[in-house]
Amino acid sequence: MADTKPGLTKTLEVVGVGEVEVRPQLATITLILSACKQSLEECRTSVDKRQPYVHHTLYSNQARREDITEREECRSNVSHIMLTVTIMATLPSQFVQPVLSTLTEKLSDAVEVENVVYHHSWSAVAEGRAVAGRRAALEARRRASEMAAAVGGEVGPCITLSEEACDHLARTDDHSEWSVVETPLRLRHAHAHTPTIIKSRVKAAFVLAAGLPKITAS
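Residue 1 is where the sequence shown starts when you use the UniProt record's numbering, and the numbers rise one by one after that.
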């Protein structure tokens, strides 16, 4: 509880902490189409038979054209030519399994899933931080109300509010391990079912209405 001089407004200074879980909203899938033939033309014909279906599956699951990139690599030896097409697509994380299931069912081993990386969108991180901040502010008011009641007073309006820290914590599903993630979150690689905890710490000052002479809280 803050000390004040006679005649000045009595205030309470408290700290509140709020947190929110944010799960990855996006995922980047890396797919490999390859062909090993006696000529480059035969390789392209083989890949071209599968490529349109891969594109159709991605577009049908909300992947945007601008979020799909492709890279070709060609290798040759004395008797064969190997053509490899790498397709990377970013799409909403909830569509990853439908895409993989469809491609596995229709193309089997004719397409290789090289990697799936889950990450967070900037908008979701910003929204999560705002929610954590609001929860921290509500916690600060609750604590101020308890302190005011302890001296027979009531808590009044909030006169100052500032965020002291905002941490992003990654944890395993069984909650056995934690790690601090750099703020801002950027593109943190994550398992699809592993949440990130956004924790906000705020410091607030409230007007103290009436009550007994003030004491300093430790």
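For every residue, glycine included, the Cβ atom is placed at its ideal position computed from N, Cα and C.
Report the three-state DSSP secondary structure of Arg135 (helix, strand or coil).
helix
Measure the alpha-carbon distance for Ser34 versus Gln97 and round it to whole angstroms.
22 Å
Which of the three DSSP states is assigned to Thr183 in this structure?
The pLDDT assigned to Thr183 is 38, lower than 50, so where the model puts this residue is not dependable, and the model offers no usable value.
Grab me the residues of Glu70's own chain with a C-beta within less than 8 Å of its C-beta, minus the 5 sequence neighbours each way, in chain order.
Val85, Thr86, Ile87, Met88
Beta-carbon within less than 6 Å of residue 219's beta-carbon, same chain only, minus the 5 sequence neighbours each way: which residues are those?
No information on residue 219 is available, as it lies outside the stretch 1 to 218 that the chain covers here.
DSSP state of Ser79 mapped onto helix, strand, coil
coil
Could you give the first and the last residue of the continuous alpha helix (DSSP H) run that contains Val54?
40-60
Do the stretch 18-25 and the stretch 132-143 meet, that is, are 3 or more Cβ pairs less than 8 Å apart?
yes
Tell me which residues share the same chain as Ala132 and place their Cβ nearer than 8 Å to its Cβ, disregarding the 5 neighbours each side in the sequence.
Gly18, Glu19, Val20, Cys166, Ile198, Lys199, Ser200
Taking 6 Å as the cut-off, is the beta-carbon of Thr86 closer than that to any non-hydrogen atom of the ligand NAD?
By its list of ligands, the structure shown contains no ligand whatsoever, and the ligand NAD lies outside what it can speak to.
Excluding the 5 residues preceding and the 5 following Ala209 in the sequence, name in chain order all residues of the same chain whose CB lies nearer than 7 Å to its CB.
Gly153, Glu154, Gly156
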